[in-house]
Amino acid sequence: MGEAFTVAKDLVKRIQQDDVFDLAAQLAYYFLLSIFPLIIFIMTLLPYLPIAKEDLLGMFETFAPGESMDIIESNLDQVLSKNGTLLSIGIIGTIWSASNGLNAIVKAFNKAYDVEETRSFVVARAMSIVLTLGMIAVLVIALLLPVFGEQIGIFLFSQFNLSEEFLSVWRAIRFLVTPVILFIVFLALYWVAPNKKMKCVSAIPGALFATIGWVVASLGFSYYVGNFGNYSATYGSIGAIIITMIWFYLTGVIIMIGGEINAYFTDKKKNC
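So for the sequence shown, the working numbering puts the first residue at 714; every next one is plus one.
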């Protein structure tokens with residue numbers, strides 16, 4: 714108990730020193746800029762993919778506060794067509810906006826590890842773009858697996874003569890797709906983004922914290938907004954935007970704290 718208290722106290726000190734909450738506000742701004750190009754990009758892909766609009770909205774609705782969904786839904790119907798120009802704009806807008814957000818994350822992680830950014834602008838931007846594309850890819854996978862999960866399970870069952878228990882287990886674990894994909898995204902982010910050579914295993918504590926923390930915080934905030942918060946009555950038409958910004962801010966705080974956790978244990982291991 715005493716050691717846990719010491720770890721918590723040291724982490725709070727690091728969080729204050731590294732301006733985590735200020736950096737989280739900066740991330741929230743970049744998230745807001747990138748979320749709609751990302752949604753437009755995914756929605757313009759829908760005519761080429763066997764995914765219904767309702768499946769996409771259901772994925773967002775699981776975690777997003779209800780009033781944030783109003784903003785998202787109101788901007789989707791306009792882009793549900795095979796529009797090559799819109800798709801190109803969505804790709805460019807998503808990559809550029811999201812890579813700016815990732816650049817901010819890189820700077821924050823470098824600050825947590827107390828290292829300078831020695832990579833060139835081209836290398837740093839290329840890394841941000843690759844991470845952005847990777848995140849888009851896993852989001853698409855997260856959409857496809859729930860749709861085709863049952864068919865995949867039946868295919869594996871028939872091809873390898875597996876037992877009936879396999880299908881039961883498969884049906885249960887395929888609903889863990891989103892948390893697992895989130896963990897993979899966070900693990901890659903914490904491992905690659907800082908300008909510091911380290912083993913992948915060193916990024917696991919922060920990735921676990923970020924995955925669990927984001928799911929719990931998103932579900933909790935969504936429940937609060939749906940049952941107790943009445944932002945529309947207080948802020949009027951901009952209530953949904955404020956709710957979305959708070960959600961993004963919580964996301965930024967969780968990502969930053971995950972980076973601080975990894976940096977703390979890395980420093981502690983180095984000093985042992």
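For every residue, glycine included, the Cβ atom is placed at its ideal position computed from N, Cα and C.
If you're wondering where the values come from, they're calculated on a predicted model, not measured in any experiment.
Opening and closing residue of the alpha helix (DSSP H) in which residue i lies
{"i": "residue 726", "result": "715 to 730"}
{"i": "residue 896", "result": "890 to 905"}
{"i": "residue 879", "result": "877 to 886"}
Proximity test, residue i beta-carbon vs the ligand SAM heavy atom, cut-off 7 Å
{"i": "residue 722", "result": "Although the ligand SAM was asked about, the structure shown includes no ligands whatsoever."}
Pair within 8 Å by beta-carbon distance, residue i and residue j
{"i": "residue 909", "j": "residue 843", "result": "no"}
{"i": "residue 716", "j": "residue 825", "result": "no"}
{"i": "residue 823", "j": "residue 918", "result": "no"}
{"i": "residue 724", "j": "residue 818", "result": "no"}
{"i": "residue 927", "j": "residue 967", "result": "yes"}
{"i": "residue 814", "j": "residue 747", "result": "yes"}
{"i": "residue 935", "j": "residue 979", "result": "no"}
{"i": "residue 924", "j": "residue 895", "result": "yes"}
{"i": "residue 879", "j": "residue 870", "result": "yes"}
{"i": "residue 922", "j": "residue 741", "result": "no"}
{"i": "residue 816", "j": "residue 841", "result": "yes"}
Classification of residue i by the beta-carbon crowding that lies within 10 angstroms, buried from 16 upward
{"i": "residue 733", "result": "buried"}
{"i": "residue 836", "result": "exposed"}
{"i": "residue 744", "result": "buried"}
{"i": "residue 735", "result": "exposed"}
{"i": "residue 900", "result": "buried"}
{"i": "residue 839", "result": "exposed"}
{"i": "residue 874", "result": "exposed"}
{"i": "residue 938", "result": "buried"}
{"i": "residue 953", "result": "buried"}
{"i": "residue 970", "result": "buried"}
{"i": "residue 956", "result": "buried"}
{"i": "residue 721", "result": "exposed"}
{"i": "residue 940", "result": "exposed"}
{"i": "residue 845", "result": "buried"}
{"i": "residue 881", "result": "exposed"}
{"i": "residue 730", "result": "exposed"}
{"i": "residue 965", "result": "buried"}
{"i": "residue 812", "result": "buried"}
{"i": "residue 933", "result": "exposed"}
{"i": "residue 885", "result": "exposed"}
Three-state class that DSSP yields for residue i in the structure shown
{"i": "residue 873", "result": "coil"}
{"i": "residue 958", "result": "helix"}
{"i": "residue 911", "result": "coil"}
{"i": "residue 838", "result": "helix"}
{"i": "residue 827", "result": "coil"}
{"i": "residue 935", "result": "helix"}
{"i": "residue 833", "result": "coil"}
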